[in-house]
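*Asks:* Submitted below is the structure of interest, expressed as structure tokens.
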Ligand SMILES: [Zn+2]
Ligand SMILES: [Zn+2]
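Numbering (this note's numbering), first residue to last: -5 to 363.
Printed below as a string of structure tokens:
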């Protein structure tokens, strides 16, 4: 077979600049897996790298939410990382990060999301494993999971890293008991993933506070009982009143912060019910501090839980949820905009302006002419 060529969408350190770099893809070594990228999500983090808000080691290939098709299996690869048999042509998702296996987080805590040397940035090379490319070559230790037949790539890409991120967050917060009220702050992919999980977990009332309107429509479609539009209700105290009324005056048993806005912390914490848990997921790249009324925390038996990244098993759980529910819940419909690799900058710009629900990159020429 003639050598395969691949294009890589590379951030070179210049804000708002994406360069397409071409290179040759080698055949997979023993234990490695070569994928043809079918679809790759645009995540808020990609936008923050692109604008320069979040630092990264340049040059770096974008894309950590990939769906691909197995192009070639290296010697000895017969199953995915959940022991499901795989063959050329199978659709898979992969976990584009590598834990070191030799640090306190990996070995003592047993939690790869706390790996001190977690490799999440992919430099441009012929051994690229990032998703904004024609091909991804997965090294042996990089987990991938086969997608069950009949599951559209859009349904898998729709929640990209958001759903596994929320699965770990729910787990860290101790999960949800049936009937508990949930308030979600933020209606981006992470907030929408929280809405979906709350509903699937048997939540009582689910309230979503966010914007713009088309994302709140999506929240409704995913199971929110009440949405509060921060553009229509700009006054936080008025929003608090609405959220309390929706939860029978009690507030949220679980409140999920998924906004990326520091001010949301105080607003959310105030809405916490007695015994409630405040789950912070969106402030990963948001410096600054906020005061907390410690006495309320103490006397109301409340807790604040943070969660960052996720682990391979959360990617698998997310995939199983998508496979199980995509026919009944409009997951694929969350993908609102598709862009070819050559228009990666446009995909990022549209995502930054929140004009789309979820944008994806579709590298294949057959689908992006
Ligand atoms: Zn992401
Ligand atoms: Zn480690």
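Note that CB positions come from ideal geometry on N, CA and C, so glycine has one too.
Hey, could you find the ends of the beta strand (DSSP E) residue 176 is sitting in?
*Replies:* Residue 176: member of the beta strand (DSSP E) spanning 176 to 179, first to last residue.
*Asks:* Looking at residue 185 and ligand 1, is the gap between the Cβ and the nearest heavy atom below 7 angstroms?
*Replies:* no
*Asks:* First and last residue of the alpha helix (DSSP H) that includes residue 82?
*Replies:* Element bounds for residue 82: n/a, residue is neither H nor E.
*Asks:* Return the first residue and the last residue of the alpha helix (DSSP H) that residue 328 is part of.
*Replies:* Per DSSP, residue 328 belongs to no alpha helix (DSSP H) and is neither H nor E.
*Asks:* For a test of the three-state rule: what should DSSP assign to residue 155, helix, strand or coil?
*Replies:* coil
*Asks:* What residues match up with residue 299 in a beta bridge as DSSP calls it?
*Replies:* 273
*Asks:* Quick check on the DSSP output: what are the complete beta strand (DSSP E) runs of length 3 or more inside the segment 174 to 237, in order along the chain?
*Replies:* 176 to 179, 200 to 204 and 220 to 223
*Asks:* How many Å lie between residue 6 and residue 338 at the Cα?
*Replies:* 14 angstroms
*Asks:* One question on the structure: do residue 201 and residue 225 come within less than 8 angstroms of each other, judged by their Cβ atoms?
*Replies:* no
*Asks:* Enumerate in chain order the residues of its own chain whose CB-to-CB distance from residue 181 is below 6 angstroms, with the five nearest sequence positions on each side excluded.
*Replies:* 202, 204, 209, 210 and 213
*Asks:* State the DSSP-derived secondary structure class of residue 44, mapped to helix, strand or coil.
*Replies:* helix
*Asks:* Could you pull the start and end residues of the beta strand (DSSP E) that residue 310 belongs to?
*Replies:* Counting along the chain, residue 310 falls outside any beta strand (DSSP E), though it belongs to the alpha helix (DSSP H) covering 306 to 319.
*Asks:* Using DSSP with H/G/I as helix, E/B as strand and the rest coil, what is residue 108?
*Replies:* helix
*Asks:* Just mark residue 235 as buried or exposed, buried being the case when its beta carbon has 16 or more other beta carbons within 10 Å.
*Replies:* Exposed, because fewer than 16 other Cβ atoms sit within 10 Å of the Cβ of residue 235.
*Asks:* Who are the near neighbours of residue 298 in its chain, counting only those whose CB is closer than 6 angstroms to its CB and skipping five residues on each side?
*Replies:* 272
*Asks:* On the criterion of 16 or more Cβ atoms from any shown chain inside 10 Å, does residue 321 qualify as buried, or is it exposed?
*Replies:* exposed
*Asks:* Should residue 169 be labelled buried (16 or more other beta-carbon atoms within 10 Å of its own) or exposed?
*Replies:* exposed
*Asks:* Go through its chain and collect everything with a Cβ distance to residue 280's Cβ below 8 angstroms, but skip five positions before and after it.
*Replies:* 254, 255 and 256
*Asks:* Helix, strand or coil for residue 89, going by three-state DSSP, please let me know.
*Replies:* Three-state DSSP puts residue 89 in coil, outside helix and strand.
*Asks:* According to the neighbour-count rule (16 or more other Cβ atoms, all chains shown, within 10 Å of its Cβ), is residue 364 buried or exposed?
*Replies:* Here the chain has residues from -5 to 363 only, and residue 364 is not among them.
*Asks:* Cβ-heavy atom distance between residue 350 and ligand 1 below 7 angstroms?
*Replies:* no
*Asks:* What residue from 55, 329 and 185 has the CA that sits closest to residue 91's CA?
*Replies:* 55
*Asks:* Identify every run of the beta strand (DSSP E) within the segment 1 to 36, keeping only runs that are complete inside it and at least 3 residues long; order them along the chain.
*Replies:* With a minimum length of 3 residues, the continuous beta strand (DSSP E) runs that stay inside the segment 1 to 36 are 12 to 19 and 27 to 35.
*Asks:* Applying the 10 Å Cβ sphere with the 16-neighbour rule, what's the burial state of residue 229?
*Replies:* The residue in question, residue 229, is exposed, as its Cβ has fewer than 16 Cβ neighbours within 10 Å.
*Asks:* Can you tell me the Cα-Cα spacing of residue 1 and residue 51, whole angstroms?
*Replies:* The straight-line gap from Cα to Cα measures roughly 20 angstroms.
*Asks:* Please tell me whether residue 347 has its Cβ less than 8 angstroms away from any Cβ of chain D.
*Replies:* The structure shown contains no chain D; it holds only a single protein chain.
*Asks:* Please name the residue, chosen from 351, 44 and 16, that lies closest to residue 127 on a Cα-to-Cα basis.
*Replies:* 16
*Asks:* Using CA coordinates, which residue listed in 278, 29, 143 and 183 is at the minimum distance from residue 327?
*Replies:* 183
*Asks:* Less than 8 angstroms between the CB atoms is what I'm expecting for residue 30 and residue 65, so what's the real figure, rounded?
*Replies:* A Cβ-Cβ distance of about 5 angstroms is found for the pair residue 30 and residue 65, placing them in contact under the 8 angstroms criterion.
*Asks:* With respect to the beta strand (DSSP E) encompassing residue 140, which residues constitute its N-terminal and C-terminal limits?
*Replies:* Going by DSSP, residue 140 is part of the beta strand (DSSP E) stretching over 138 to 140.
*Asks:* To the nearest angstrom, how far is the alpha carbon of residue 241 from that of residue 260?
*Replies:* Per the coordinates, the alpha-carbon of residue 241 lies some 18 angstroms from the alpha-carbon of residue 260.
*Asks:* Count the other CB atoms, across all protein chains shown, that sit within 10 Å of the CB of residue 268; report buried if there are 16 or more and exposed otherwise.
*Replies:* Exposed, since its Cβ has fewer than 16 Cβ neighbours within 10 Å.
*Asks:* Spatial neighbours of residue 177 within its chain, please: CB distance less than 6 angstroms, with the 5 preceding and 5 following residues excluded, ordered by chain position.
*Replies:* 201, 237, 246, 249 and 265
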